[in-house]
Structures are given as C-alpha cells and as structure tokens.
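Visitor:
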Amino acid sequence: MRILSGCEALREGLRDALRRDKTVFLLGEDIGAYGGAFGVTRGLLAEFGPDRVRDTPISEAGFTGMAIGAALAGSRPVVEIMFMDFILLAFDQLANMAAKARYVFGAPWTCPLVIRTPAGGGRGYGPTHSQSLEALFARVPGLKVVAPSTPADAKTLLDAAIRDPNPVLFVEHKLLYSLRGPAPARTPSRREPLGKARVVRRGRDVTLVAWSWMTELARRAARELAATGIEAEVIDVRTLAPLDEETIQASVRKTGRLTIVEEGCRTGGFAAEIGFRVFEHAFDSLDGPLRRVTCPDVPISAAPALEHAALPSVRAIVQAAAALVRE
Amino acid sequence: MSELDELAAYRLMLTIRYFEEKVEALFAQGLVHGTAHAAIGQEAVAVGACLAMRPGRDCVTSTHRGHGHALACGADANRIMAELFGKAAGYSGGRGGSQLMTDPALGYWGSNGITGGGIPVATGAALSFKMRRQRRVALCFFGDGASNQGVFHESLNMAALWKLPAVYICENNRYAMSMPVEKAMTVSGVAARAAAYGMPGETADGNDAAAVYRAVSAAIARARRGDGPALIECMTYRLSGHSRGDPRVYRTREEEAEWRRRDPIRRWRARLRRENRLSADEDRRLRGEARACVRAAVAFARRSPEPDPATLEEGVFA
Ligand SMILES: Cc1ncc(C[n+]2csc(CCOP(=O)(O)OP(=O)(O)O)c2C)c(N)n1
Ligand SMILES: [Mg+2]
Chain A
1 MRILSGCEAL
11 REGLRDALRR
21 DKTVFLLGED
31 IGAYGGAFGV
41 TRGLLAEFGP
51 DRVRDTPISE
61 AGFTGMAIGA
71 ALAGSRPVVE
81 IMFMDFILLA
91 FDQLANMAAK
101 ARYVFGAPWT
111 CPLVIRTPAG
121 GGRGYGPTHS
131 QSLEALFARV
141 PGLKVVAPST
151 PADAKTLLDA
161 AIRDPNPVLF
171 VEHKLLYSLR
181 GPAPARTPSR
191 REPLGKARVV
201 RRGRDVTLVA
211 WSWMTELARR
221 AARELAATGI
231 EAEVIDVRTL
241 APLDEETIQA
251 SVRKTGRLTI
261 VEEGCRTGGF
271 AAEIGFRVFE
281 HAFDSLDGPL
291 RRVTCPDVPI
301 SAAPALEHAA
311 LPSVRAIVQA
321 AAALVRE
Chain B
328 MSELDELAAY
338 RLMLTIRYFE
348 EKVEALFAQG
358 LVHGTAHAAI
368 GQEAVAVGAC
378 LAMRPGRDCV
388 TSTHRGHGHA
398 LACGADANRI
408 MAELFGKAAG
418 YSGGRGGSQL
428 MTDPALGYWG
438 SNGITGGGIP
448 VATGAALSFK
458 MRRQRRVALC
468 FFGDGASNQG
478 VFHESLNMAA
488 LWKLPAVYIC
498 ENNRYAMSMP
508 VEKAMTVSGV
518 AARAAAYGMP
528 GETADGNDAA
538 AVYRAVSAAI
548 ARARRGDGPA
558 LIECMTYRLS
568 GHSRGDPRVY
578 RTREEEAEWR
588 RRDPIRRWRA
598 RLRRENRLSA
608 DEDRRLRGEA
618 RACVRAAVAF
628 ARRSPEPDPA
638 TLEEGVFA
C-alpha cells in the first residue's frame with residue numbers, strides 16, 4: 001500500500017467514485033477552483049467539470065435539501081459542508097426528510113446521499129468552527145454516521161458510503177487531513193458494509209473505544225500505557241450508526257474494563273450510548289466502573305490555552321485507563 | 328443630517344488598514360494561529376456606516392470579517408489584538424478569536440462565524456427597539472455571499488412587514504471566498520432584491536466613505552422616524568485574500584491591480600490633499616498615530632496573560 005495523507009486518500013475516493021458512477025456528483029461551497037476549504041476536492045473540477053463538481057452559493061439548507069431531492073430522483077450527490085458547525089443550518093433537511101423518507105414511504109424510495117464534513121478542534125478555529133456534533137446525528141434513526149481515523153479507512157469507508165443506498169453523514173476530522181498512512185490503490189469492487197468496528201491494537205487489561213481523531217489519541221495512549229505494563233485494547237468504532245456492539249462487547253468481556261474517548265461534549269454524547277449498551281449487555285464482565293474522556297460541557301475556545309484544556313488529551317486517556325486498571 | 332468628519336474617517340480607515348496588514352503579517356510569521364479574515368480595501372464601508380450611527384444608542388452586527396467594523400465603532404485595538412492572540416485581555420477573553428467579539432457599550436454587537444448569522448439578530452434587535460419605543464436603529468453588515476442564505480430572505484421579509492428600524496448594509500466585495508457574485512445570483516446585485524420585500528434598495532460606492540455615510544445616514548433617519556428598513560449595497564473589493572493562505576486562484580492579478588487603483592484610502596487622501604484639507608504634515612502625523620496604535624496593540628497583546636485553564640467551565644450560564 002502507498003502512503004497517503006487523509007486528504008489525498010479522500011480525494012482518491014471521490015475521484016474513483018466520480019469515474020465509476022456517472023450519477024455521482026459533488027456539491028458544496030468553494031469545492032471547484034478553490035478545491036474546498038481543506039483542499040480535498042483539489043483537481044477534481046479539472047477532470048470532471050463544473051456540472052459534477054458544482055460550486056454552490058452559501059445556502060446550506062437549500063443545497064443539502066436539493067441533494068436529498070436529487071438522491072430521491074436517482075442521482076448520488078456527495079455534499080461538502082465546509083465545517084461541521086454549519087451542518088446545523090441543514091439539520092432539518094437531514095433529520096426530517098433524508099432520514100425518514102425510506103421508513104415512511106417505503107420502497108422504491110432510497111436516498112443515497114453522502115454529506116462530508118470536517119469536524120473537530122485542535123486548530124484554533126474557535127467556537128463555531130471546531131465542534132464535534134456527530135452524536136446529534138447518530139441519534140436520528142435513518143441516518144448512518146461514519147467517522148474514519150486513518151487514510152485507508154477514509155478512502156474505503158467513503159467508497160462504501162457513496163455506494164450505500166441510505167443518507168450517510170461522513171465525518172472527517174481536520175487533523176486526519178494531514179495524517180499520513182498506508183492507503184489502498186484500489187477501492188474494493190464490492191461494497192464494504194458500513195457498521196464494522198476495527199480492533200486497532202490487542203490488549204488484555206483495558207478496552208479503549210474511540211472514533212475519528214480520538215482513535216489516534218487512544219492509540220498513542222495505549223503505547224504509553226504499554227510502557228507502564230498496561231496492555232490496552234484499542235477499538236475504532238468507525239461507524240457510530242449502525243454501531244458494531246459485538247466487537248466492543250467481545251473486547252470488554254476479555255478486559256473487563258472500558259474507557260470511551262469522545263471529542264464532543266459530555267452530556268448526551270455518544271460515549272454515554274456506548275457505555276450504556278455495555279452496561280445492558282456485558283455488565284457481568286465488568287471488573288470496575290466505566291470511564292469516559294470527553295470535552296466538558298463548554299464551547300471550544302479559540303485561545304490555545306483554553307482549547308487544549310477542553311479537548312481530550314493522550315495524558316487524560318492514559319490517566320483514566322491506568323486508574324481503572326489500578327482500582 | 329450631520330457632516331462626516333473627514334479627518335476622523337481618514338484616521339479610522341488608516342487604523343483599520345494598518346491593523347489588518349499587521350494581522351496578516353502576524354499570521355504569516357506564525358505568531359497568531361487559528362484563522363482571521365482581513366478587510367483590506369473595504370475600510371470605507373465600515374467607517375462610512377459606523378460613523379453614521381448614534382454612539383451608545385444604535386447597534387450593529389458584523390460578520391466573520393469584523394475587525395474593521397469594530398475599530399470603526401471605536402473599539403479598543405488593544406483588546407481586539409489580544410483576542411486574536413488568544414489572550415485573557417481580549418474582548419472575549421480569548422474564547423471567541425477573530426470571528427467572535429463584541430463591545431456592547433459601543434453598540435458593537437459583534438462578529439459572527441456563521442455566514443448570515445448576524446442578519447436575524449440585527450432584525451430581532453430592531454424588533455425589540457421598536458416594541459420598547461426606544462428610537463434606536465439596528466445596523467447589519469453582511470456580505471454578498473451571505474445574502475444567499477435563507478435567513479436573509481426570512482429576516483428582510485419580517486423587517487419590512489413589521490416596519491422595523493433596521494438598516495441592512497451589504498458589503499459587495501465581488502466574491503464570497505472563491506465564488507464570484509455573478510456565479511451565485513442572476514440579478515444584477517443584492518440591492519435589486521430589496522424590491523422583493525417592499526423596502527428601498529440602493530447601491531452606493533463602497534470605496535467612498537462619504538457616499539456610504541450619506542446613504543446610511545439617510546436610511547438611519549428614515550428608520551428612526553418609523554418608516555421601516557432599507558437595504559444599501561456598498562460596492563467594494565477585498566484586496567486581501569479571503570483568509571490566511573488564500574492563493575486567489577479565482578481572480579486575476581489584473582483585476583486586483585485595477586481595484587488597487589480605486590483604493591478607498593488612497594482616494595480619500597488624494598481628495599483631502601487636493602482640496603487643501605490635509606497638509607503633508609498632518610497626513611504624516613495621522614499615519615504615524617495609526618501605526619503607533621497598531622504597534623501598541625501588538626505589544627499589549629503580547630504581554631497579556633493567557634486565559635487561565637481553571638476558568639474553562641466558568642460562565643456557560645449567566
Ligand atoms: C454557514 C456558513 N457557511 C459557510 C461559511 C464559510 N465561509 C466563511 S466566510 C465565507 C464567504 C462569505 O462571503 P461574503 O458573505 O460575501 O463575505 P466576504 O467574505 O466576502 O466578506 C464562507 C463561505 C461560514 N462561516 N458559515
Ligand atoms: Mg463577499
């Protein structure tokens with residue numbers, strides 16, 4: 001496998017989908033000549049033209065709603081929302097129309113739509129450009145939510161999302177764009193089902209569950225824990241909805257201890273959901289309380305001093321997991 | 328209508344220009360991180376409009392490109408710069424950064440990270456002013472790009488319907504990030520949209536502070552009389568990139584050069600000099616003062632302390 005950045009891997013994923021399927025088209029602000037705010041669509045306008053790499057006015061509610069209409073009409077739109085924070089302008093369209101159409105109207109309706117969006121903090125962009133809002137969407141029945149942590153997953157899961165007949169929110173962490181790692185040259189010719197977690201690292205003492213950039217932090221924390229003699233198992237859930245409970249439970253049955261890492265705010269976060277499901281179904285295997293490392297219930301500040309204090313850190317993960325093992 | 332103080336306008340425009348140039352340099356040197364949007368070339372809109380406000384009574388909402396609006400309202404350059412540095416002495420204590428600061432005493436209701444987000448807020452302020460019979464007016468800055476958001480339509484419709492004391496000031500700088508106006512709308516300009524709401528729509532030369540001042544003053548007077556809102560489209564150009572690191576592939580260097588010839592500050596200075604209202608000495612002094620103000624702001628920001636992480640969870644609720 002070649003080494004690509006997350007950004008390059010996503011660009012390849014989009015390019016392959018555009019080549020493979022004439023009904024795929026891209027829609028979003030500044031995705032053409034500008035190449036997208038983070039450069040993911042750079043070069044695609046030149047290959048596919050302004051019809052299929054379509055720059056929009058600043059009208060998130062409108063063009064997301066239009067993508068839903070286009071998907072219902074048989075196209076496969078891939079929308080870029082420049083920052084995840086702005087998706088709130090289109091929340092209605094996604095929650096009230098895209099997510100419900102299939103369930104309410106039944107066959108033959110499908111809404112094969114992908115919303116790609118950069119999420120997360122760490123770059124000093126401030127309160128309205130740094131949020132991790134995936135938990136809001138994971139609780140809307142009918143929406144799939146994908147949040148890759150590596151260039152390889154970025155490419156293959158994006159391919160799977162575009163082939164999926166359902167609306168998919170595809171969360172791209174801003175720090176993933178520059179993360180380098182192996183990525184397949186070809187995407188699989190068959191659709192990978194969404195909803196499979198990945199065991200990133202094996203370990204017997206404690207399970208660390210994470211997604212998106214937090215998987216990378218959990219991996220680093222596991223390395224530090226190993227140096228102190230604690231073997232952590234790291235699980236990347238990859239898709240919040242549908243959630244692969246089995247992989248998580250199997251791990252907890254082995255380790256008896258669970259720490260969940262979430263970049264978003266604590267209250268009503270997805271860590272709470274994962275933790276509760278383990279409680280419901282694997283309670284007997286637990287050797288101690290559940291722990292979570294999250295952002296506290298505050299907006300993300302622009303100031304580095306406050307942003308760093310708010311976001312989960314490797315150190316906080318190490319401390320939480322180590323405390324659990326020593327309890 | 329009172330006269331525009333032309334030297335005050337000149338000093339403010341200079342301060343904004345030097346401030347924004349400094350911010351761009353600080354980013355390039357990596358001394359400030361995150362993001363910021365400079366309003367270089369658009370100083371006349373900010374200054375012409377804000378000097379028409381009644382200080383301490385009227386209010387104005389701004390955009391992501393807000394440093395100039397704040398300075399034109401009389402905001403403290405030190406505290407704006409400290410906010411950009413993420414310091415405790417910044418307007419938002421470092422929490423907001425470039426796109427989120429306010430100075431309520433000056434009626435500066437603040438910048439906004441969500442394109443178009445300020446439009447309904449200004450409209451709601453106008454509603455409250457009217458309901459409480461305060462004879463105050465809400466001004467609202469927004470870009471050509473923001474006028475394509477749904478809230479623009481919804482807000483202007485209600486403002487006209489309820490005859491609210493609001494003045495909508497569109498800064499048409501020809502682009503929304505990389506999107507040229509003519510690829511984002513079919514009408515000739517944003518002012519043309521006013522007709523759809525039954526409110527007056529007017530176009531002003533946004534690179535002439537006096538023209539902006541005249542148009543906004545008239546709209547404010549009208550709104551204060553109770554005759555309802557108006558939309559003023561100020562034609563201007565952002566000479567800088569959209570934000571840090573914008574290679575500006577979506578426009579030509581020739582086009583930029585053409586607009587540089589229409590630089591609002593150079594034009595203003597040339598006219599004041601020609602009409603003998605600004606001596607060479609006075610000009611040197613004003614420029615020196617503006618530069619000193621920006622230098623002092625950087626020094627202030629640098630020596631301000633970082634916000635204390637122990638305060639992280641304070642102030643979520645009032
Ligand atoms: C809801 C939302 N969509 C997109 C953006 C990203 N964005 C920030 S500024 C900008 C362009 C705004 O254009 P315009 O309103 O013309 O103002 P200008 O930048 O030209 O001053 C865009 C797309 C945003 N901040 N908020
Ligand atoms: Mg603009």
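Residue numbers (the working numbering), protein chains in the order written: chain A, 1 to 327; chain B, 328 to 645.
Ideal Cβ positions, reconstructed from N, Cα and C, are used throughout, including at glycine.
Remember, predicted model here, so these are calculated numbers, not experimental data.
Which residues in chain A have a C-beta closer than 9 Å to the C-beta of B:V372? List them in chain order.
Guide: Within chain A, no residue comes near B:V372; the closest Cβ sits about 19 Å away, beyond 9 Å.
Visitor: A:T128 CB to nearest chain B CB: under 8 Å?
Guide: Closer than 8 Å to some Cβ of chain B, the Cβ of A:T128 qualifies, so yes.
Visitor: Given a limit of 7 Å on CB to CB distance, which residues of the region 344-365 of chain B reach chain A?
Guide: Within the region 344-365 of chain B, the qualifying residues are H360, G361 and T362.
Visitor: Against A:I58, what residues of chain B qualify as contacts under a CB-to-CB distance less than 9 Å, listed in chain order?
Guide: Here the neighbours are T442, G443, G470, G472, A473, S474, N475, Q476, A503, M504, M506 and A511.
Visitor: Candidates A:F38, A:A101, A:I31 and A:A322: which alpha carbon is nearest A:A218's?
Guide: Of A:F38, A:A101, A:I31 and A:A322, the residue nearest in Cα terms is A:A322.
Visitor: Examine chain A for any beta-carbon lying closer than 8 Å to the beta-carbon of B:Y495, and answer yes or no.
Guide: No, no contact with chain A.
Visitor: Enumerated in chain order, which unbroken segments of the alpha helix (DSSP H) with a length of 4 residues or greater are wholly contained in the region 225-298 of chain A?
Guide: Here the runs fully enclosed are 245-255 and 270-282.
Visitor: For B:A373, name the three-state secondary structure that DSSP assigns.
Guide: Of the three classes helix, strand and coil, the one that applies to B:A373 here is helix, per DSSP.
Visitor: Out of A:G181, A:E224 and A:A61, which one is the CA nearest neighbour of A:D153?
Guide: Checking every option, the nearest Cα to that of A:D153 belongs to A:G181.
Visitor: Who does B:M506 pair with in a DSSP beta bridge?
Guide: B:M506 is bridged to B:A503.
Visitor: B:R392 CB to nearest chain A CB: under 8 Å?
Guide: Not an interface residue.
Visitor: Considering only heavy atoms of ligand 1, does any lie closer than 7 Å to the CB of A:Y34?
Guide: No, since every heavy atom of ligand 1 falls outside the 7 Å radius drawn around the Cβ of A:Y34.
Visitor: Buried or exposed, going by whether 16 or more other CB atoms sit within 10 Å of the CB of A:I3?
Guide: By the 10 Å Cβ count, A:I3 comes out exposed.
Visitor: Residues of chain A with CB under 9 Å from B:H576, in chain order?
Guide: A quick correction: the sequence has Val, not His, at residue 576 of chain B. Those are A33, Y34 and G35, listed as they occur along chain A.
Visitor: In angstroms with no decimal places, state the Cα-to-Cα distance between A:L44 and A:G32.
Guide: Taking the straight line from one Cα to the other gives about 7 Å.
Visitor: Taking the alpha carbon of A:T150 as the point to measure from, which residue in A:E172, A:A282 and A:T207 has its own alpha carbon closest?
Guide: For A:T150, the nearest C-alpha among the options comes from A:E172.
Visitor: Answer with buried or exposed for B:A550, where buried requires no fewer than 16 other C-beta atoms within 10 angstroms of its C-beta.
Guide: Burial call: buried.
Visitor: Could you tell me the boundaries of the beta strand (DSSP E) in which B:F456 lies?
Guide: Here B:F456 belongs to no beta strand (DSSP E); instead the alpha helix (DSSP H) covers G445 to M458.
Visitor: Taking 7 Å as the cut-off, is the beta-carbon of A:D92 closer than that to any non-hydrogen atom of ligand 1?
Guide: No; taking the cut-off as 7 Å, the Cβ of A:D92 has no heavy atom of ligand 1 nearer than that.
Visitor: Is the distance from the Cβ of A:V237 to the Cβ of A:A197 below 8 Å?
Guide: Result yes, Cβ atoms of A:V237 and A:A197 sit closer than 8 Å.
Visitor: Along chain B, which residues have their Cβ under 8 Å away from the Cβ of A:D297?
Guide: Residues of chain B passing the Cβ test: E640 and V643.
Visitor: How far does the alpha helix (DSSP H) with A:F137 in it reach, from first residue to last?
Guide: E134 to A138 is the extent of the alpha helix (DSSP H) around A:F137.
Visitor: Round the Cβ separation of A:A232 and A:R201 to the nearest angstrom and send it over; I've been treating them as touching at under 8 Å.
Guide: Sure, about 7 Å apart at Cβ, within 8 Å.
Visitor: With 8 Å set as the bound, which would you pick, yes or no: does the beta-carbon of A:Y177 sit closer than that to a beta-carbon of chain B?
Guide: A:Y177 does not count as touching chain B.
Visitor: Looking at chain B, which residues of the region 106-137 of chain A have a Cβ within less than 9 Å of any of its Cβ atoms?
Guide: Per Cβ criterion, the list reads R123, G124, Y125, G126, P127, T128 and H129.
Visitor: Just by C-beta distance, which residues in the region 41-65 of chain A are closer than 9 Å to chain C?
Guide: The question asks about chain C, but that chain is absent: this structure's protein chains are A and B.
Visitor: Near B:P634, what residues of its chain come up, given a Cβ to Cβ distance below 8 Å and the 5 sequence neighbours on each side ignored?
Guide: Once the five neighbours on either side are set aside, the close Cβ partners of B:P634 are G413, K414, A415, G420, G421 and R422.
Visitor: Since A:P304 meets chain B, which of its residues come closer than 9 Å, beta carbon to beta carbon?
Guide: Those are H360, G361, G413, G421 and E633, listed as they occur along chain B.
Visitor: Measure the alpha-carbon distance for A:V298 versus B:G437 and round it to whole angstroms.
Guide: Spanning the two alpha carbons is a distance of roughly 20 Å.
Visitor: Mind checking whether B:R370 and B:G401 have CB atoms under 8 Å apart?
Guide: According to the sequence displayed, residue 370 of chain B carries Glu and not Arg. Going by C-beta atoms, B:E370 is not nearer than 8 Å to B:G401.
Visitor: Taking only beta-carbon atoms, is B:G568 less than 8 Å away from chain A?
Guide: No, no contact with chain A.
Visitor: Rounding to the nearest angstrom, what Cα-Cα distance links A:E224 and A:S313 in this structure?
Guide: Rounded to whole angstroms, A:E224 to A:S313 spans 12 Å at the Cα level.
Visitor: So, for A:F38: in the same chain, excluding its five sequence neighbours on each side, which residues have a beta-carbon less than 6 Å away from its beta-carbon?
Guide: Correct list, in chain order: P118 and Y177.
Visitor: Do the CB positions of A:A67 and A:L10 come within less than 8 Å of each other?
Guide: Not closer than 8 Å, so no.
Visitor: Taking B:F469 as part of the beta strand (DSSP E), name the residues at either end of that continuous run.
Guide: Start and end: A465 to G470.
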